[in-house]
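>
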Amino acid sequence: MKKFLLLYNGPATPAEEMPPEQVQAVMGAWRTWMENVGAALTDMGAPTANGVSVVADGTLGTATQVNGYSFVEADDLEGARRLVEGHPFLSDGSSRFSVEIHEVMPVPM
């Protein structure tokens, strides 16, 4: 099995800015996705915020809108892509949100 990093991109709304019913619905959708993915979800990850990019001279710039991450295991990239089907982050059906899939390469020691 290979390990894949999922990066969640898009203009997410912080939970504290949502009505309680919406927070419950969103969290319910995430729980359903996690149950469907099962053991392939090796690390649920966490939300992220306030990212910056840093260049060689130490200058800070604007980072992409990464709103969170997770780790999954799959046989290949296609298997990882199938795990993202029905992901709650993509539920609005627009192209404003995306899930990037990156294979995590082993580090030779």
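Each residue of the sequence shown is one higher than the one before, starting from 39 at the first, in our numbering.
The C-beta atom is built at its ideal place from N, Cα and C for all residues, glycine as well.
Using 8 Å as the threshold, is the C-beta distance between Met39 and Glu111 below it?
It is a contact, given that the beta carbons lie within the stated cut-off.
> Measuring CB to CB, does Arg119 end up less than 8 Å from Pro49?
No.
> Between which two residues does the beta strand (DSSP E) harbouring Glu138 extend?
Unbroken beta strand (DSSP E) run through Glu138: 136–142.
> Pick out the complete alpha helix (DSSP H) segments inside the region 68–139, 4 residues or longer, and give them in chain order.
Correct list: 115–122.
> With a threshold of 8 Å, are at least 3 pairs of Cβ atoms found where one atom belongs to the region 70–82 and the other to the region 94–112?
Yes, the region 70–82 is in contact with the region 94–112.
> Rounded C-beta distance between Val104 and Gly89? I'm assuming under 8 Å.
Going by Cβ atoms, the distance from Val104 to Gly89 rounds to 6 Å, so yes, they are a contact pair.
> Please report how far the alpha carbon of Val137 lies from the alpha carbon of Ala87, in whole angstroms.
Straight-line Cα distance between these residues: approximately 16 Å.
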